[in-house]
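Numbering (the UniProt record's numbering), first residue to last: 1 to 264. As structure tokens, the structure follows; a few thoughts come after it.
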Amino acid sequence: MTTLGLGLGVSIALAAPASATSETGPEGQTVTVSKSQELDPDGETITVSGSGFDLNTGIYVVLCVDNGPGQQPTPCLGGMDMEGGTGSSAWISSNPPSYGEGLAQPFDEENGTGSFSVQLTVSAADEYTDCLDTSIAPNGCVVGTRADHTRSADRSADVLIPVTFATSGSDEQSKAGNSDEAGDGAGGEDGNESGGVPGESADGGAASGASPNADDDTNDGLAATGSSTTAPLVAGALALIAGPAVLAVARHRSATPGSPTPSS
Numbered sequence: 001m002t003t004l005g006l007g008l009g010v011s012i013a014l015a016a017p018a019s020a021t022s023e024t025g026p027e028g029q030t031v032t033v034s035k036s037q038e039l040d041p042d043g044e045t046i047t048v049s050g051s052g053f054d055l056n057t058g059i060y061v062v063l064c065v066d067n068g069p070g071q072q073p074t075p076c077l078g079g080m081d082m083e084g085g086t087g088s089s090a091w092i093s094s095n096p097p098s099y100g101e102g103l104a105q106p107f108d109e110e111n112g113t114g115s116f117s118v119q120l121t122v123s124a125a126d127e128y129t130d131c132l133d134t135s136i137a138p139n140g141c142v143v144g145t146r147a148d149h150t151r152s153a154d155r156s157a158d159v160l161i162p163v164t165f166a167t168s169g170s171d172e173q174s175k176a177g178n179s180d181e182a183g184d185g186a187g188g189e190d191g192n193e194s195g196g197v198p199g200e201s202a203d204g205g206a207a208s209g210a211s212p213n214a215d216d217d218t219n220d221g222l223a224a225t226g227s228s229t230t231a232p233l234v235a236g237a238l239a240l241i242a243g244p245a246v247l248a249v250a251r252h253r254s255a256t257p258g259s260p261t262p263s264s
């Protein structure tokens, strides 16, 4: 988090940009994801890039359920989008089957190995899978690469990066905020009932200072009512306390020789 000072004691906290996350695969491949934490559960576009891949092994770039080390990540949200129509996954292959020619994106060749860069639109759930449901995805979900359907049992192309979605944290914070607001409101009502004017109910106190159109009143109106009712009471109490003291001073001055007589 970065803080920007604006003078006069005012500052604004600026959110730090999302940082990229990288992971290295079993054969030295590297995969980098532009953002992996607090993704929008309703859908967010991220960039996935990789290098050092075997040019002879086609891969999928996907978001899948994490089944643990050495296990195939599956099921994958959005399925295997071989045609690239949904943007939920990408098929990268420099030697696809004949039916995949024109569908698979070839690797970019660098020093005899393959590299790529694609954009994926990922969301927390589809009609079959939910990354936030611990009964379906107890280990959460991962974004990364795995061998395509021509070598589905080959784990040498697995390079996986855990991802999280913002839903659970945001909901808990929202619920906590609503609970705090409700608690504050309840405290205010209790205060009016227990510390209000004797003989008046909390409702009566609020009604005494309300406008004729009660439906238009807000909490601001209730706060103002409490102020105007309390001020005269405090002033009266001070007068009762101060009265005897003032009288005593006056009598003392009258009894003192040479002191001026108070004017009537």
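Using N, Cα and C, we set each Cβ at its ideal position, and we do this for glycine too.
Check each candidate in the options and name the one with the smallest Cα separation from residue i.
| i | options | result |
| --- | --- | --- |
| glycine 144 | Glu109, Thr74, Glu127 | Thr74 |
| glutamate 109 | Leu103, Gly102, Ser117 | Ser117 |
| asparagine 139 | Asp126, Pro41, Thr129, Pro162 | Pro162 |
| threonine 24 | Cys141, Val62, Gly78, Phe53 | Phe53 |
| leucine 63 | Arg151, Trp91, Pro97 | Trp91 |
| threonine 150 | Gly100, Val31, Glu44, Phe165 | Gly100 |
| threonine 57 | Ala153, Ser49, Leu120 | Ala153 |
| serine 115 | Ile46, Thr164, Tyr60 | Tyr60 |
| aspartate 126 | Leu120, Pro96, Pro41 | Pro41 |
| asparagine 95 | Ala147, Gly70, Ser123 | Ala147 |
| serine 34 | Asp133, Asp130, Val122 | Val122 |
| glycine 78 | Thr164, Gly87, Gly68 | Gly87 |
| glycine 28 | Ala166, Phe165, Ala157 | Ala157 |
| serine 19 | Gln37, Gly112, Thr30, Ser51 | Gln37 |
| glutamine 71 | Ala104, Ser135, Thr21, Leu160 | Leu160 |
| threonine 134 | Ser49, Asn67, Leu103, Ser93 | Asn67 |
| leucine 103 | Gly112, Ser89, Thr113 | Ser89 |
| proline 106 | Ile46, Thr32, Gly50, Thr21 | Gly50 |
| arginine 155 | Gly43, Ser22, Pro69 | Pro69 |
From the DSSP secondary-structure annotation, give me the bridge partner or partners of residue i.
| i | result |
| --- | --- |
| serine 22 | Thr32 |
| alanine 90 | Val61 |
| glutamine 105 | Ile92 |
| threonine 45 | Thr121 |
| proline 162 | Val142 |
On the three-state DSSP scale, how would you describe residue i?
| i | result |
| --- | --- |
| tyrosine 60 | strand |
| serine 123 | coil |
| alanine 255 | Reliability of the predicted coordinates at alanine 255 is poor, the pLDDT of 44 falling under 50, and the value obtained from them is presented with this limitation in mind. If DSSP states are grouped into helix, strand and coil, alanine 255 belongs with the helices. |
| glycine 100 | helix |
| glycine 195 | The predicted position of glycine 195 is uncertain, since its pLDDT is 43 and thus under 50; a value taken from the coordinates is nonetheless stated next. Here glycine 195 sits in helix by DSSP. |
| glycine 50 | strand |
| threonine 113 | strand |
| leucine 39 | strand |
| glutamate 189 | Low per-residue confidence applies at glutamate 189: pLDDT is 45, beneath 50, and the placement is therefore not dependable, though the value from the model is reported in the following sentence. Here glutamate 189 sits in helix by DSSP. |
Quiz item: Which runs of the alpha helix (DSSP H) spanning at least 4 residues fall entirely within the segment 128-160, listed in chain order?
Solution: The qualifying runs do not exist here; there are none.
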